[in-house]
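Working notes, structure below.
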Amino acid sequence: MLLLLLLLLLLWGIKGVEGQNPQEGFTLNVERKVVVQEGLCVLVPCNFSYLKKRLTDWTDSDPVHGFWYREGTDRRKDSIVATNNPIRKAVKETRNRFFLLGEPWRNDCSLNIREIRKKDAGLYFFRLERGKTKYNYMWDKMTLVVTALTNTPQILLPETLEAGHPSNLTCSVPWDCGWTAPPIFSWTGTSVSFLSTNTTGSSVLTITPQPQDHGTNLTCQVTLPGTDVSTRMTIRLNVSYAPKNLTVTIYQGADSVSTILKNGSSLPISEGQSLRLICSTDSYPPANLSWSWDNLTLCPSKLSKPGLLELFPVHLKHGGVYTCQAQHALGSQHISLSLSPQSSATLSEMMMGTFVGSGVTALLFLSVCILLLAVRSYRRKPARPAVVAPHPDALKVSVSQNPLVESQADDSSEPLPSILEAAPSSTEEEIHYATLSFHEMKPMNLWGQQDTTTEYSEIKFPQRTAWP
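Residues -19 to -1, 1 to 449 (mature numbering (1 follows the signal peptide of the UniProt record, and there is no 0)) are what the sequence shown spells out, left to right.
Following this line, the structure appears as structure tokens:
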């Protein structure tokens, strides 16, 4: 019976030494619950105390060894996650990831965990060994909770990027845990061409943005070492660029149909007509728009819409040149258009003149056609020779006065003079008219005798041109 009691006391003492029950003088201070994101690291502060109950428990020369175990593991198979004992090794799954960062001889049992994985979640406890003293702090366990990675990298960049000028952007992970290998950085963008340079915990990107890159997304992705876990950060690029594509859209009256005008355009305005001019441009930050009329600055129709200009008949009475100016820190543009007011009478006269001109042109064309047809028809008809009949009175006078002239006139066998005959064939189309006039003249003395009476005759040939 006494032997059995001594055995029970011995077993109770062994359990106390093994830490199954809390012992006086053996304490451990550690966080009961530690939450960490997958792929990251955590430092768990820890300190402990122990007593030397017997002089033979340990000496000052005995080293102090500490061990971190995961509950449920078999300590007899050296399934340790972290220790400072060079003889006993940690299991492969936690080697080079779990570290007993504290110095047990200073009562420091702090634990450092890197590249945490989901399967690392569980219960952990600390064990002390020095000389003959071996104690498990089973009453002060630490629970490790592993959650999904939510941390994102940080991107540092200028507030505004300028088109055509190179700029540096830096992507970093401020929660760097000093991994065994540096994280992997990668950049992706819609239209940005870039070159990146990686360091231990950051990546520097050099880009030369263009106007079309404004408003596009740029993403920095970080893949953590030792895991397949990655995280990313996406930003929207703000690229500053000078005005371009300056246009003026015009609405006439209440008409909803618009017309886009170019620089230097001229537009006639009817009497009583009103206009709405909308000036717009593409730039960032937005350019300052203003309107002017013949070098006079105009007030916008609406302060919230400086590009809108409403013109009523009273404004358009004199017309003029209207100019929209787009001013920007990186440059400026302008567009001008000329408005020419015209009255209804002027427009009617212009239309009537157009109609009259068209009618005259058509009439002239028709006349020429008729004339050409007439000429062609006339040329096809044969020309008749012109015959001139002698004037009866003239012949009568000649017969009564001069037998010689009578005999010549009565001689029908003699041909008429050649100038009275029909024109040659080359001039068949010409008609000649002749008039014979005989005046009283004295007969000639063909035999040398002088006659006191003489008659003269005159022949006239007026030439008239026939129809062609």
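Beta carbons: idealized from backbone N, C-alpha and C, even for Gly.
Under DSSP, V295 shares a beta bridge with no residue. Relative to the Cα of S148, the nearest Cα in the group V220, T131 and S211 belongs to V220.
Annotated as distal: V210 and C305, with beta-carbon spacing of 8 Å or more. Put simply, the backbone Cα of I259 is about 6 Å away from that of I231.
Here T197 is near L218, since their CB atoms are less than 8 Å apart.
Assignment of beta strand (DSSP E) within the stretch 230 to 298, counting only whole runs of 3 or more residues, yields 239 to 242, 246 to 251, 256 to 265, 269 to 274, 277 to 279 and 289 to 292 in chain order. Using a C-beta cut-off of 8 Å, the stretch 41 to 51 makes no contact with the stretch 136 to 145, since fewer than three inter-stretch Cβ pairs fall below that distance. The C-alpha of Q233 lies about 30 Å from the C-alpha of Y265.
At a Cβ-Cβ threshold of 8 Å, L292 and S255 count as neighbours. Judged by DSSP secondary structure, E110 falls within the beta strand (DSSP E) whose first and last residues are G103 to R111.
If only complete runs of 3 or more residues are kept, the stretch 129 to 179 shows the beta strand (DSSP E) at 135 to 137, 148 to 153, 165 to 170 and 175 to 179, in order along the chain. Separation of the CB atoms of L320 and L297 is rounded to 6 Å, and the pair is thereby assigned contact status at 8 Å. In this structure, L125 sits away from C27, with a CB-CB distance that is not shorter than 8 Å. With fewer than 16 neighbouring CB atoms inside 10 Å of its own CB, R87 falls in the exposed class. Here the alpha carbon of E96 sits roughly 27 Å from the alpha carbon of N117. Exposed is the label assigned to R35, since fewer than 16 other Cβ atoms lie within 10 Å of its Cβ. Here G301 is bridged, per DSSP, to L320. A distance below 8 Å separates the beta carbons of T212 and P134. By the 16-neighbour rule on beta-carbons within 10 angstroms, R69 is exposed. Check the Cα spacing between T204 and each of G182, F166 and M214: the tightest is with F166.
Rounded to the nearest whole angstrom, the C-alpha separation of S317 and P287 is 16 Å.
When R108, P224 and T189 are compared, the shortest CA-CA separation from W49 is found for R108. Residue pairing of I94 in beta bridges, as defined by DSSP: V23 and F79. Judged by their CB atoms, E52 and L104 are nearer to each other than the 8 Å cut-off. For D89, the secondary structure class from DSSP, reduced to helix, strand or coil, is strand.
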